[in-house]
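In what follows, a structure is listed as structure tokens, so that the remarks can point back to it.
In our numbering, the protein residues as written are 112 to 268.
Okay, structure coming up:
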């Protein structure tokens, strides 16, 4: 588990540096690892996406909050984020999350997957002091949306 935490902390730092260069770098790699050891791994359910044994993405859910969903930028657009999100949603009735307002790619991703904007803030509530966006996803009640059935058809005739 320690090696998973180390890989997650490294990927988290890499994705933030690469995809979110506007964020201040507030912590050392050692502080990042300590954060994941103390505040993410023990209380959260963690999903890891790997390719040939190498971590390429992860998601962390604590109660009804999607606290983290990070995918190596090389793997963006290849279904890794969707697979992690689907794993997180599988047993949830509702999930909430925060993302930065400037992270347009993430905002579009969540909106495509049924999340709805709840509020925008000025960022005074996060340590980066960067404006953020609160989103929520709620599972549709049984029966809703069933009028849009999808099925396979035989096109060989």
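We put the CB at the ideal spot given by N, CA and C, even for glycine.
These figures come from a predicted structure and were not determined experimentally.
Item: Within 8 Å, do at least three Cβ pairs link the region 240-256 to the region 197-205?; Value: yes
Item: What does a CB cutoff of less than 6 Å around residue 183 pick up in its chain, not counting 5 residues either side in sequence?; Value: 167
Item: Kindly indicate the opening and closing residues of the beta strand (DSSP E) around residue 280.; Value: The structure shown has nothing for residue 280, since the chain only spans 112 to 268.
Item: Under 9 Å between C-beta atoms, does residue 112 make it to chain D?; Value: Chain labels in this structure do not include chain D; a single protein chain is all it has.
Item: Alpha carbon to alpha carbon, how far is residue 114 from residue 236?; Value: 31 Å
Item: List the endpoints of the continuous alpha helix (DSSP H) containing residue 119.; Value: 113-130
Item: Could you say which of 146, 205 and 187 lies nearest to residue 160 if we only look at CA atoms?; Value: 187
Item: Looking at the structure shown, is residue 196 part of a helix, part of a strand, or coil, going by DSSP?; Value: helix
Item: Assuming residue 221 is part of the alpha helix (DSSP H), what are its boundary residues?; Value: 215-223
Item: Can residue 169 and residue 177 be called in contact, C-beta distance under 9 Å?; Value: no
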